[in-house]
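Just below is one structure, and these are the notes that go with it.
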Ligand SMILES: O=C(O)CCC(=O)C(=O)O
Ligand SMILES: [Fe+2]
């Protein structure tokens with residue numbers, strides 16, 4: 001899978017949203033207006049760096065002593081090496097260090113290194129710091145940091161408070177993801193397997209849609225541990241976190257063993273929680289039985305949680321059904337260059353160094369202008385289709401519950417065969433004892449769908465030959481006219497359209 005490498009982007013001092021970092025004198029109230037009326041003033045009074053140049057009174061940074069030589073980014077990096085006691089005490093030495101040492105990103109790391117990390121049930125106290133230190137809400141320290149000017153310290157606050165509405169309303173009509181009540185398999189296979197779409201009615205009969213909400217799940221599964229990124233938390237603890245956190249990138253519950261943990265039946269028949277929609281037709285990875293890679297997840301998260309840009313694993317396609325809440329999706333076809341997303345040369349790593357909020361602030365406007373951009377909101381009771389290889393970023397517009405499943409429709413057999421064959425080091429989700437996923441898939445297809453396998457392999461061979469021809473043209477071994485005599489050369493292009501594999505040198 002192309003996993004996003006969620007490193008934080010060093011904040012750009014000059015590109016603070018709406019000029020928050022620019023040289024304008026601001027009162028507290030003006031501060032609020034400058035970064036969008038929905039962003040409250042920082043509770044400690046920390047201000048963007050630009051405000052410093054017109055502020056009267058002492059700049060808190062001057063009390064840092066020798067540490068003044070360090071830029072804010074470096075100071076924060078240094079603090080990452082400190083343990084909880086030192087970090088807490090250092091925070092009481094001056095206002096600037098208080099504002100720095102209280103940063104909840106630092107305390108999240110401390111939490112993850114502490115013995116609390118292994119606990120499934122504990123009391124979440126609103127911040128990572130309060131949770132680690134066992135503070136109650138009324139023990140919140142309030143030190144006025146009104147003379148602390150720092151984009152590094154202010155920007156995470158902006159990012160965790162931006163209004164999502166301004167990015168998700170006014171979707172240009174040409175970008176809008178198509179919406180249907182339902183679709184037949186014939187239509188899907190013939191016209192829609194290469195494009196995202198939303199179905200508005202097909203999951204409405206699911207018992208999961210009809211009866212699940214957070215309260216109900218809490219009643220039934222309060223002590224069940226679910227995976228949320230790096231931790232396994234009881235549902236009670238996760239719900240406490242979900243209803244009271246201010247993280248820029250909230251911890252996302254993403255559990256692939258949910259069916260076993262919740263003792264759910266899935267599929268057609270009595271007493272099942274949900275079944276896969278008919279319109280997608282057969283899932284060819286079902287042929288792998290227990291040897292198929294991880295393929296279904298329960299997803300729960302608060303407003304602003306979500307998934308940064310990625311492609312789904314092993315060139316699979318997916319559906320994502322919203323049970324409660326609403327999700328904003330922004331998507332691009334496989335060969336698109338997505339603004340703010342950097343892919344390593346061998347396509348194995350995606351560095352989307354930004355949180356969802358940072359990406360929205362910095363790149364959304366540019367991305368939306370691209371002709372390949374597709375956007376849509378999937379509401380509760382709706383399901384969205386993600387075609388193989390499509391880039392997507394997803395953000396929860398409100399706290400929500402979703403179910404997702406990855407699968408291989410017949411129309412994408414060649415994409416999956418190519419991925420398993422040509423990128424074995426990027427294949428993910430198979431159990432360790434499955435040493436040759438490509439061979440396994442081919443064997444099973446040969447038994448069940450020999451004609452389809454032959455088609456898939458022919459498509460693969462044709463793609464390979466095409467790549468070779470393009471390469472020969474580029475290195476001058478042949479010309480476009482020789483390659484395609486019917487087509488007079490009007491200039492060579494490397495854009496091969498939607499659904500195309502990355503343009504690789506053979
Ligand atoms: O609901 C979401 O956050 C999207 C999940 C997703 O893209 C995935 O499971 O691959
Ligand atoms: Fe995905």
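Numbering (UniProt numbering), first residue to last: 1 to 506.
Even glycine gets a Cβ: it sits at the ideal position worked out from N, Cα and C.
Remember, it's a predicted structure, so these values are computed and weren't measured experimentally.
* Asked: Which first and last residues belong to the alpha helix (DSSP H) in which residue 107 is found?
  -> 104-113
* **Exposed unless 16 or more other CB atoms sit within 10 angstroms - verdict on residue 141** => exposed
* **Contact set for residue 236: own chain, Cβ-Cβ below 6 Å, skip 5 residues either direction** => 222
* Asked: Apart from the five residues just before and just after residue 165, which ones in its own chain have a Cβ nearer than 6 Å to its Cβ?
  -> none
* **Nearest-angstrom Cα separation, counted from residue 225 out to residue 40** => 35 Å
* **Three-state secondary structure assigned by DSSP to residue 70** => coil
* Using alpha carbons as the reference points, say which of 52, 49, 250, 280 lies closest to residue 383. => 280
* Counting Cβ pairs closer than 8 Å, one from the region 293-307 and one from the region 448-468, do we hit at least three? -> no
* To do: Consult DSSP for residue 469 and reduce its assignment to one of helix, strand or coil.
  => helix
* Using 8 Å as the threshold, is the region 421-435 in touch with the region 273-293, meaning 3 or more CB pairs across them? -> yes
* Asked: What three-state label does DSSP hand residue 26 in the structure shown?
  -> A caution first: residue 26 carries a pLDDT of 32, below 50, which makes its placement in the model unreliable, though a value can still be read off. Coil, per DSSP.
* Counting only runs of 3+ residues fully inside the UniProt domain "JmjC" (265-424), write out the beta strand (DSSP E) ranges in chain order. => 296-301, 306-310, 317-324, 326-332, 349-351, 374-379, 383-386, 391-396, 400-407
* Can you tell which of 231, 220, 90 has the C-alpha that lies nearest to the C-alpha of residue 64? -> 90
* To do: Would you check whether ligand 1 has a heavy atom nearer than 6 Å to the C-beta of residue 523?
  => Because the chain spans 1 through 506 in this model, residue 523 falls outside it and cannot be assessed.
* So what's residue 230 in DSSP terms, helix, strand or just coil? -> coil
* Mark residue 177 as exposed unless 16 or more other C-beta atoms lie within 10 angstroms of its C-beta, in which case mark it buried. => buried
* Measuring CA to CA, which of 442, 316, 255, 391 is closest to residue 416? -> 316
* Pairwise C-alpha distance: residue 307 and residue 258 -> 19 Å
* Please classify residue 54: is it buried, with 16 or more other beta-carbons within 10 angstroms of its beta-carbon, or exposed? => exposed
* Pair within 7 Å by beta-carbon distance, residue 124 and residue 241 -> yes
* **residue 121 versus residue 231: straight-line alpha-carbon distance, rounded** => 11 Å
* Kindly indicate the opening and closing residues of the alpha helix (DSSP H) around residue 443. => 437-448
* Coil, strand or helix - residue 197 by DSSP -> strand
* Assumed close pair residue 471, residue 392 - CB separation to whole angstroms, cut-off 8 Å -> Incorrect: roughly 30 Å between the Cβ atoms, too far for contact.
* To do: Give a single yes or no on whether residue 306 has its beta carbon closer than 6 Å to a heavy atom of ligand 1.
  => yes
* Can you say whether residue 479 is buried or exposed, counting buried as having 16 or more other CB atoms within 10 angstroms of its CB? => exposed
* What is the rounded straight-line gap between the Cα of residue 100 and the Cα of residue 79? -> 8 Å
* Asked: Contact between the region 187-207 and the region 157-173: three or more CB pairs below 8 Å?
  -> no
* To do: Would you mind reading off the limits of the beta strand (DSSP E) that contains residue 254?
  => 253-255
* Same chain, Cβ closer than 7 Å to residue 440, five either side skipped, listed in chain order -> 288, 291, 434
* **Simplified DSSP assignment, three categories, for residue 149** => strand
* What did DSSP end up calling residue 98 once you bin it into helix, strand or coil? -> helix
* Taking 6 Å as the cut-off, does the CB of residue 350 come closer than this to any heavy atom belonging to ligand 1? -> no
* If you drop the 5 nearest sequence neighbours on each side, which residues of the same chain put their C-beta closer than 6 Å to that of residue 448? -> 287
* **Burial state of residue 74, where buried means 16 or more other Cβ atoms lie within 10 Å** => exposed
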